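K.L.:
Next up is a structure, given as structure tokens.
Numbering (UniProt numbering), first residue to last: 1 to 91.
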């Protein structure tokens, strides 16, 4: 089983606000998602239409052991807070 890590995601959407999240993924899942279109829809209000290309600069891999990530994921699942961009990839 490949190790899963905790990632912090963030997009600055100007005056509409920010889209942020803490989520769990493997390095392979992140690698596969880079360069793909992410479509969140109207998550920041009516007519906001939040979308863009997922880039490495959008995330930060947090320095938490894979064992700790796996343990907490038993209770919180793959998305710990906010939005997980991997769940919104438009293929």
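The beta carbon of each residue, even a glycine, is placed where N, CA and C say it ideally should be. None of these values were measured; they are calculated from a predicted model.
What residue range does the beta strand (DSSP E) around residue 30 cover?
P.N.:
That residue, residue 30, is in no beta strand (DSSP E); its alpha helix (DSSP H) goes 27-33.
K.L.:
Got a sec: does the ligand MG put a non-hydrogen atom nearer than 8 angstroms to the Cβ of residue 85?
P.N.:
Absence of the ligand MG is noted for the structure shown, with no ligands found whatsoever.
K.L.:
Quick check on the DSSP output: the beta strand (DSSP E) that includes residue 5 runs from which residue to which?
P.N.:
Start and end: 4-12.
K.L.:
Do the stretch 15-23 and the stretch 72-86 touch if we need at least three Cβ pairs shorter than 8 angstroms?
P.N.:
Contact holds: three or more Cβ-Cβ distances are below 8 angstroms.
K.L.:
What is the rounded straight-line gap between the Cα of residue 62 and the Cα of residue 5?
P.N.:
Between residue 62 and residue 5, the C-alpha separation is close to 7 angstroms.
K.L.:
In whole angstroms, what is the alpha-carbon distance linking residue 12 and residue 81?
P.N.:
Approximately 17 angstroms between the Cα atoms of the pair.
K.L.:
Pick out whichever of 65, 3 and 76 has its Cα sitting closest to the Cα of residue 29.
P.N.:
The residue with the shortest Cα to Cα distance from residue 29 is 3.
K.L.:
Where does residue 62 sit, in a helix, a strand or coil, going by DSSP?
P.N.:
Coil, per DSSP.
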